[in-house]
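When we follow full-length UniProt numbering, the leftmost residue of the sequence shown carries the number 1, and every step to the right adds one.
Even glycine gets a Cβ: it sits at the ideal position worked out from N, Cα and C.
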Amino acid sequence: MVFQSAIAPGLGPVTSSAAAAGATLTIDLAAIRRNYRALAARLKPGTVCSAVVKADSYGLGAARIAPMLADAGCRHFFVAHLGEAEAIRPLLPAACAIYVLHGVMPGAEAECLAAGATPVLNNLGQIERWAALAKREGRRLPAIVQIDSGMSRLGLPPEEIERLAAEPERLAGIDVHYVMSHLACADEPSHPANRAQLEAFEVRRRLLPAAPASFAASPGILLGPDYHFDLVRPGVALYGVSPVSGVPSPVEPVVRLEARVVQVREIGPGTGVGYGHTYIAERPMRIAAISVGYADGWIRHLGNRGAAFIGAHAAPFIGRISMDSATIDVSAIPGEIADGTPVELIGPHRSVEEVAVDAATIGYEILTNLGTRFHRIYVDA
Ligand SMILES: *Cc1c(COP(=O)(O)O)cnc(C)c1O
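Right, dumping it as structure tokens:
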């Protein structure tokens, strides 16, 4: 017997009007464009700046962002999965390359080629399968070859690099656009692994047939020209998150998240707030329930941490974060607080980086978790 999903097809993300929405996510396309240009301007002469648009451009909408960056002159895009490449291929000029960081899954080679995507080949198996397709097709096929320089995640490990060096015919039919690698500790500029990986990359890539090189993501760009090579791969910095803490950000913020007040109430001393009563009022308080919760990516670890803002006034989070709502202390805010009042969660008073610190995580995780229930506004001033 076959069971079918009971979920109505095509329900998809919630798209409500701004008036009905519990929260609004505003994404500044012009700021992303300026960030792209600011990063490109830091590169050593001749280095090309790509854009990493995996995970739906870190949750901000690759269908809007990738074409905008192509208009701004970007010609190289990176995604993680083939499906992500297929989604943006029709939106980009044919001259733009879309590289798939995970390479190609067994059996998906023809789909990858048909999608006009270029795999990042991470091991000898992927190289063999892509070369076999080139042979079947009777033409050369493009690829990036990734080598591991010390992160032990993706890319050919040293023994596979040696094997490939001894048997270069394994690359027959493959047009290697770049040899790339990825840094493990670039967000800690003084970490000795950065130099060690740079040296390993230089030595190992010379074992392979000569090709342009790509090494740095956002934090690697800030390590300086030694790390730039021929192509850099920024992601998070495009989206306004400072890639290295403790140094001035090379980019400007891109995202504003505003939830709204659903209900305001007065509570007396001894009153518990939210699930588990993890917050107990010690004095008379005025509190507000707002329309954002962990199902929107306002993760549960943010309970009792940090503050939202009403205008310029801080309203600390109290109690646990629920699935769809959270509670803030508005006792110190003068005047009436009407239902529907906007509450800034990310914006001029509170950066993605500050939220990430409160959540014991990184800006990447805050951004990529931002939910599908928000009303989205793209501005391009
Ligand atoms: C995600 C990723 C990037 C982009 O990293 P950021 O730190 O967001 O700039 C670049 N290269 C690889 C291999 C990645 O996985």
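Three-state secondary structure (DSSP) of residue i
i: residue 382; result: Absent from the structure is residue 382, since the part of the chain shown begins at 1 and ends at 381.
i: Leu164; result: helix
i: Pro9; result: A caution first: Pro9 carries a pLDDT of 43, below 50, which makes its placement in the model too unreliable to give a value.
i: Pro157; result: coil
i: Arg350; result: strand
i: Val227; result: The question names Val, yet the displayed sequence has Tyr at residue 227. If DSSP states are grouped into helix, strand and coil, Tyr227 belongs with the helices.
i: Gly107; result: coil
i: Val292; result: coil
i: Gly363; result: helix
i: Ser214; result: strand
i: Tyr58; result: helix
i: Pro342; result: strand
i: Ile333; result: coil
i: His277; result: helix
i: Glu137; result: helix
Closest Cα partner of residue i within the set the options
i: Pro157; options: Gln197, Arg140, Gly73, Ile27; result: Gln197
i: Ala338; options: Gly303, Ala314, Thr372, Ala288; result: Ala288
i: Ala134; options: Thr118, Ala165, Ile147, His102; result: Thr118
i: Gly22; options: Gly270, Pro316, Ser291; result: Ser291
i: Gly103; options: Gly319, Ile65, Ser325, Phe78; result: Phe78
i: Tyr227; options: Tyr36, Leu69, Thr47; result: Thr47
i: Pro348; options: Ile318, Pro142, Gly240; result: Gly240
i: Val150; options: Ser214, Arg195, Val273; result: It is Gly, not Val, that sits at residue 150 in the sequence shown. Answer by Cα proximity: Arg195.
i: Thr361; options: Gly235, Thr327, Leu302, Ala87; result: Leu302
i: Ala90; options: Ala63, Ala80, Phe201; result: The sequence as given places Pro at residue 90; Ala does not occur at that position. Checking every option, the nearest Cα to that of Pro90 belongs to Ala63.
Rounded separation between residue i and residue j - CA only
i: Pro248; j: Ile144; result: 32 Å
i: Thr368; j: Ala308; result: 20 Å
i: Leu345; j: Thr26; result: 12 Å
i: Ile174; j: Ala210; result: 13 Å
i: Gly116; j: Arg373; result: 32 Å
i: Ala314; j: Gly297; result: 21 Å
i: Ile333; j: Ile310; result: 8 Å
i: Arg233; j: Pro269; result: 53 Å
i: Leu60; j: Ala166; result: 44 Å
i: Ala184; j: Val264; result: 46 Å
i: Gly10; j: Ala66; result: Here Gly10 scores only 46 on pLDDT, less than 50, and its place in the model should not be relied on; the value that follows carries that caveat. Those two C-alpha atoms are separated by around 24 Å.
i: Ala85; j: Ala51; result: 13 Å
i: Val352; j: Pro189; result: 21 Å
i: Asp324; j: Glu162; result: 53 Å
i: Arg34; j: Arg136; result: 44 Å
i: Ala193; j: Asp148; result: 13 Å
i: Leu101; j: Val120; result: 5 Å
i: Phe229; j: Arg42; result: 13 Å
Residue i CB to nearest heavy atom of ligand 1 below 7 Å
i: Ala217; result: yes
i: Val352; result: no
i: Arg42; result: no
i: Arg205; result: no
i: Gly103; result: no
i: Gly59; result: no
i: Pro234; result: yes
i: Asp52; result: One detail in the question is off: residue 52 reads as Val in this sequence, not Asp. The answer is yes for Val52.
i: Ala114; result: no
i: Ala237; result: yes
i: Val212; result: Reading off the sequence shown, one finds Pro at residue 212, where the question assumed Val. Not so, every heavy atom of ligand 1 lies at least 7 Å from the Cβ.
i: Pro243; result: yes
i: His191; result: no
i: His182; result: yes
Touch check for the region 249 to 257 and the region 66 to 73: three-plus C-beta pairs under 8 Å?
no
- prompt: Counting pairs of beta carbons, one from the region 216 to 225 and one from the region 166 to 173, are three or more of them closer than 8 Å?
  reply: no
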